[in-house]
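Chemist: Before I ask anything, let me first share the structure, which is written out below as C-alpha cells.
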Amino acid sequence: MAYDSIFKADLFAGQNIIVTGGGSGIGRCTAHELAALGAHVLLVGRKADKLKTVAAEIADDGGKADWAVCDIREEEAVVHLVSELIRKHGPLHGLVNNAGGQYPSPLASINQKGFETVLRTNLVGGFLMAREVFNQSMSKHGGAIVNMLADMWGGMPGMGHSGAARSGMDNLTKTAAYEWGHAGVRVNAVAPGWIASSGMDTYEGAFKAVIPTLREHVPLKRIGTESEVSAAIVFLLSPAAAFVSGSTLRIDGAASLGGRAWPIHKATNSESYNGFHRAYIPDVLKDKE
Ligand SMILES: CCCCCCC/C=C/C(=O)SCCNC(=O)CCNC(=O)[C@H](O)C(C)(C)COP(=O)(O)OP(=O)(O)OC[C@H]1O[C@@H](n2cnc3c(N)ncnc32)[C@H](O)[C@@H]1OP(=O)(O)O
Ligand SMILES: NC(=O)C1=CN([C@@H]2O[C@H](COP(=O)(O)OP(=O)(O)OC[C@H]3O[C@@H](n4cnc5c(N)ncnc54)[C@H](OP(=O)(O)O)[C@@H]3O)[C@@H](O)[C@H]2O)C=CC1
1 MAYDSIFKAD
11 LFAGQNIIVT
21 GGGSGIGRCT
31 AHELAALGAH
41 VLLVGRKADK
51 LKTVAAEIAD
61 DGGKADWAVC
71 DIREEEAVVH
81 LVSELIRKHG
91 PLHGLVNNAG
101 GQYPSPLASI
111 NQKGFETVLR
121 TNLVGGFLMA
131 REVFNQSMSK
141 HGGAIVNMLA
151 DMWGGMPGMG
161 HSGAARSGMD
171 NLTKTAAYEW
181 GHAGVRVNAV
191 APGWIASSGM
201 DTYEGAFKAV
211 IPTLREHVPL
221 KRIGTESEVS
231 AAIVFLLSPA
241 AAFVSGSTLR
251 IDGAASLGGR
261 AWPIHKATNS
271 ESYNGFHRAY
281 IPDVLKDKE
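Following full-length UniProt numbering, the numbering of the sequence shown begins with 1 at its first residue and continues without gaps.
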C-alpha cells in the first residue's frame with residue numbers, strides 16, 4: 001500500500017491563521033511558510049507599512065494574506081480585532097502569538113513603567129489574543145495556538161522583565177491546553193534561543209557587543225535562523241502534532257543546557273561574553289568574581 005504523507009503543499013488549505021508580529025523577523029518568516037502551505041494568513045502588528053509589505057510579498061508568491069493593525073496590549077482593540085477578522089474572513093483555525101520584545105537592562109535599573117510594558121507586551125497581549133480567539137471562534141470548532149516564549153529558564157542577566165513574562169506565558173500555555181482541550185483546541189509554545197533576526201539587530205550596548213560571540217556558547221556552535229523557528233511553529237500547528245498540546249519546544253541548539261555551566265564559560269571563554277555578563281550583574285557581585 002502506498003504511504004500517504006500528511007506533509008503536502010495544501011496542508012493548511014482553507015485555514016485562517018493569525019500571525020501577530022507578522023510584519024518582521026520570525027513572524028514574517030512564519031507567515032510566508034504558512035501561506036506557502038495553503039493558509040490564508042492574517043498579519044497583525046502596530047505598524048501598517050510593515051504588514052502591508054509582507055502581505056504584498058505573500059501575494060506576489062501566489063499566497064493569500066490580509067493584515068490588520070492592533071496593539072495586542074489593549075483589551076478593547078483585541079476584542080474588536082478578532083471579531084472583525086471573523087466577520088471578514090470566517091472562523092479562525094490557528095493563532096501564532098509571536099508579537100513581543102524587550103530592552104536589555106539590569107533588574108536594578110528597570111522602573112515600573114518599563115517592567116509593565118514588557119509584561120504587557122509578552123504576557124498580557126498573548127493572553128488577550130488567545131482568550132479572544134478561543135471565545136469568539138475556536139471554542140466552537142477547535143484549532144491550534146502557538147505561543148512565543150524565549151529560552152531564559154535559567155534566568156538571564158539583562159532580561160529579568162522578559163524572562164518573568166515568558167515564564168508566565170509558559171504556564172499559561174499549559175493551563176490553556178488543559179482548559180481548552182475538550183473543545184479540540186491545542187495550545188503549545190516555542191522557546192527560541194539565540195536567533196539571527198531583525199529584532200536582534202535593534203539591540204545596543206553590551207547585548208549588541210556580545211552577539212558576534214554567541215555561537216561559542218551554543219553546543220551546536222551557531223545561532224539559529226528565523227526559518228528554523230518557523231519550521232517548529234508550522235509543525236505545532238499542523239496535523240503532524242495532532243496529539244501534542246501543553247508542550248514547549250526549545251529551539252536553541254542545546255544552549256539552555258549550558259545554564260549551570262556559565263561559571264565555566266566565564267573561566268574559559270571570550271572576553272566579550274564576560275563583559276556582557278558583568279554589564280548586567282549588580283556591583284556587589286562583581287566584587288566577588
Ligand atoms: C540561551 C538562550 C537565550 C535566549 C535569548 C533571547 C533573546 C531575545 C531576543 C529577542 O527577543 S529579539 C526580538 C524582539 N524585538 C525587540 O525586542 C524589539 C525591540 N524592543 C522594543 O521595541 C521594546 O523594548 C518593546 C517593549 C518591545 C516595545 O516597547 P513600546 O514601543 O511599547 O514601548 P515604548 O513606548 O518605547 O516604552 C515604554 C516604556 O518601556 C521602557 N523602555 C522601553 N524601551 C526602553 C529602553 N530601550 N531602555 C529603557 N527603557 C525602555 C520605558 O519605561 C518606556 O517608557 P518611557 O521612558 O518612554 O516613558
Ligand atoms: N530573535 C531572537 O533571538 C528571539 C526572539 N524571540 C521572540 O520572538 C518574537 C519575534 O521576534 P523577532 O522576529 O526576533 O523580532 P521583531 O522585533 O522583528 O518582531 C517583533 C514583532 O512584534 C510586533 N509587536 C511588538 N509589540 C507589539 C504590540 N504591542 N502589538 C502588536 N505587535 C507588536 C512588532 O510589530 P510592530 O513593530 O508592527 O508593532 C514586530 O513585528 C518576539 O516575541 C521575540 O521576543 C524569542 C527568543 C529569541
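Beta carbons are placed, not taken as given, at the ideal position from N, Cα and C, and that holds for glycine. Note that this is a predicted model, so its numbers are computed, not measured.
Regarding Q102 and ligand 1, is the C-beta to nearest heavy atom distance less than 8 Å?
Modeler: Numbered from its first residue, the sequence shown carries residue 102 at position 102. Q102 Cβ: within cutoff of ligand 1.
Chemist: Got a sec? Which residues, its chain only, sit under 6 Å from G126 by beta carbon, not counting five neighbours each side?
Modeler: Counted from its first residue, the sequence shown places residue 126 at position 126. Answer for G126: N97, N147 and M169, listed in chain order.
Chemist: Check whether the Cβ atoms of S256 and A191 lie closer than 9 Å to each other.
Modeler: Stepping through the sequence shown from its first residue, residue 256 is reached at position 256. Stepping through the sequence shown from its first residue, residue 191 is reached at position 191. In this structure, A191 lies closer than 9 Å to S256 by Cβ.
Chemist: Could you tell me whether any non-hydrogen atom of ligand 2 is closer than 8 Å to the CB of A231?
Modeler: Your numbering for residue 231 matches position 231 in the sequence shown. No - ligand 2 has no heavy atom lying nearer than 8 Å to the Cβ of A231.
Chemist: For T117, which of M129, A241 and H161 has the nearest alpha-carbon?
Modeler: Translated into the one-based positions of the sequence shown, residue 117 becomes position 117. Considering only alpha carbons, the answer is H161.
Chemist: Curious, which full-length alpha helix (DSSP H) runs of at least 4 residues does the segment 114-196 contain?
Modeler: Counting whole runs of 4 or more residues, the segment 114-196 contains the alpha helix (DSSP H) stretches 125-133 and 160-180.
Chemist: If I18 and L95 are in contact, beta carbons under 8 Å, what's the gap, nearest whole angstrom?
Modeler: Indexing the sequence shown from 1 puts residue 18 at position 18. Indexing the sequence shown from 1 puts residue 95 at position 95. Rounded, the Cβ-Cβ distance is 5 Å, consistent with contact.
Chemist: With DSSP run on the structure shown, which of helix, strand or coil describes L220?
Modeler: In the sequence shown, residue 220 corresponds to position 220, counting from 1. L220: coil per DSSP, three-state reduction.
Chemist: Compute the distance between the beta-carbons of D252 and G199, then report whether it is under 9 Å.
Modeler: Within the sequence shown, residue 252 is the residue found at index 252, counting from 1. Within the sequence shown, residue 199 is the residue found at index 199, counting from 1. Going by C-beta atoms, D252 is not nearer than 9 Å to G199.
Chemist: Within 10 angstroms of its Cβ, does N111 collect 16 or more other Cβ (buried), or is it exposed?
Modeler: Mapped onto the sequence shown, residue 111 falls at position 111. Counting Cβ neighbours within 10 Å, N111 comes out exposed, since fewer than 16 surround it.
Chemist: Which of the three DSSP states, helix, strand or coil, is assigned to G49?
Modeler: Along the sequence shown, one-based indexing puts residue 49 at 49. Residue identity check: residue 49 is Asp in the sequence provided, not Gly. In the structure shown, D49 sits in a helix (DSSP, three-state: H, G or I).
Chemist: Find out if the Cβ-Cβ distance for the pair G38, W67 is shorter than 9 Å.
Modeler: In the sequence shown, residue 38 corresponds to position 38, counting from 1. In the sequence shown, residue 67 corresponds to position 67, counting from 1. No. Outside cutoff.
Chemist: Which of the three DSSP states, helix, strand or coil, is assigned to residue 358?
Modeler: Nothing about residue 358 can be reported from this structure: the residues present for the chain run from 1 to 289 only.
Chemist: Does the distance from the C-beta atom of I6 to that of H32 stay below 9 Å?
Modeler: The residue you call residue 6 lines up with position 6 of the sequence shown. The residue you call residue 32 lines up with position 32 of the sequence shown. Against a cut-off of 9 Å, the Cβ pair of H32 and I6 comes out as no contact.
Chemist: Going by the beta-carbon positions, is the gap between M138 and A183 smaller than 9 Å?
Modeler: To locate residue 138, count along the sequence shown from 1; it is residue 138. To locate residue 183, count along the sequence shown from 1; it is residue 183. Against a cut-off of 9 Å, the Cβ pair of A183 and M138 comes out as a contact.
Chemist: How far does the beta strand (DSSP E) with A68 in it extend, from its first residue to its last?
Modeler: Along the sequence shown, one-based indexing puts residue 68 at 68. Counting along the chain, the beta strand (DSSP E) containing A68 begins and ends at K64 to V69.
Chemist: Just checking M129 against ligand 1 - is the residue's beta carbon closer than 8 Å to any of the ligand's heavy atoms?
Modeler: As a working mapping, residue 129 is identified with position 129 in the sequence shown. Because no heavy atom of ligand 1 lies under 8 Å away, the Cβ of M129 does not count as near it: no.
Chemist: Classify H89 as helix, strand or coil using the three-state DSSP reduction.
Modeler: Within the sequence shown, the letter at position 89 stands for residue 89. DSSP places H89 in helix when its eight states are reduced to three.
Chemist: G246 to R166, Cα distance in whole Å?
Modeler: As a position in the sequence shown, residue 246 is number 246, starting the count at 1. As a position in the sequence shown, residue 166 is number 166, starting the count at 1. Distance between the alpha carbons of G246 and R166: 15 Å.
Chemist: What does the alpha-carbon distance come out to for the pair L34 and G62?
Modeler: Taking the first residue of the sequence shown as position 1, residue 34 is located at position 34. Taking the first residue of the sequence shown as position 1, residue 62 is located at position 62. In a straight line, the C-alpha of L34 is about 12 Å away from that of G62.
Chemist: Output the distance between the C-alpha atoms of A177 and N188, rounded to the nearest integer angstrom.
Modeler: Position 177 of the sequence shown holds residue 177. Position 188 of the sequence shown holds residue 188. Each residue's Cα considered, the two are about 7 Å apart.
Chemist: Is any heavy atom of ligand 1 found at a distance shorter than 8 Å from the C-beta of A255?
Modeler: By one-based count along the sequence shown, residue 255 stands at place 255. Flag set: Cβ of A255 near ligand 1.
Chemist: Is the distance from the Cβ of I86 to the Cβ of L128 below 9 Å?
Modeler: In the sequence shown, counting from the first residue as 1, residue 86 sits at position 86. In the sequence shown, counting from the first residue as 1, residue 128 sits at position 128. No.
Chemist: If contacts are defined as beta-carbon pairs under 8 Å, then A231 and L249 qualify, I think. What distance do you get, rounded to the angstrom?
Modeler: Residue 231 sits at position 231 when you count from the first residue of the sequence shown. Residue 249 sits at position 249 when you count from the first residue of the sequence shown. Not really, about 10 Å apart at Cβ, beyond 8 Å.
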